[in-house]
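Numbering (my numbering), first residue to last: 34 to 187. Every residue, glycine too, gets a C-beta built ideally from N, C-alpha and C.
This is the structure:
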């Protein structure tokens, strides 16, 4: 029997604290900690931070997403369930499950891990410098292109 092993990356990557490609996605300050090129487009990891009251409305998308809380707190909705996630908590959202969150502390910082192809959505929103509610129609068009459904956009 021949066993085939695949390796996601042929070059190790070490990124110092505070380093990484930075971009803004809506109100979220994003830092790319592991980019999709390092994992042969398998996954990407961001460090995201935001402030009190900001977050993401209830939405779905066709990819899985995992949060790991570094500091602060989020009020998270997963389907009809509501939880508070504090530093050290991890949250996994399966593909196509409705979820949203709101920062409930002065600031929150978390790691977001998702498939490499999903990076295109985050980058497109960031590249267009979309600000809500001013650019709602543009944001919804980007969401539509990436199969992201927003519930009750406002």
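Other residues of its chain near residue 155: CB distance less than 6 angstroms, five sequence neighbours each side excluded: These residues qualify, in order along the chain: 58.
Range covered by the beta strand (DSSP E) that runs through residue 77: 76-84
8 angstroms contact criterion, which residue 54 and residue 65 should meet: CB distance rounded: Residue 54 to residue 65, Cβ: 4 angstroms. Contact.
Residue environment, residue 158, which counts as buried when at least 16 other CB atoms sit within 10 Å: buried
Beta-ladder partner(s) of residue 89, from DSSP: 134
C-beta contact flag for residue 178 and residue 93 at 8 angstroms: no
Residue 140 and residue 105 closer than 8 angstroms at C-beta: yes
Assigned secondary structure, residue 181 (DSSP; H/G/I helix, E/B strand, else coil): coil
Contact set for residue 35: own chain, Cβ-Cβ below 6 angstroms, skip 5 residues either direction: Residue placement at residue 35 cannot be trusted, given a pLDDT of 48 that sits under 50; what the coordinates show is reported in the next sentence. Nothing meets the Cβ criterion.
Any C-beta of chain B under 8 angstroms from that of residue 83: Protein chain content of the structure displayed is limited to a single chain, and chain B is not contained in it.
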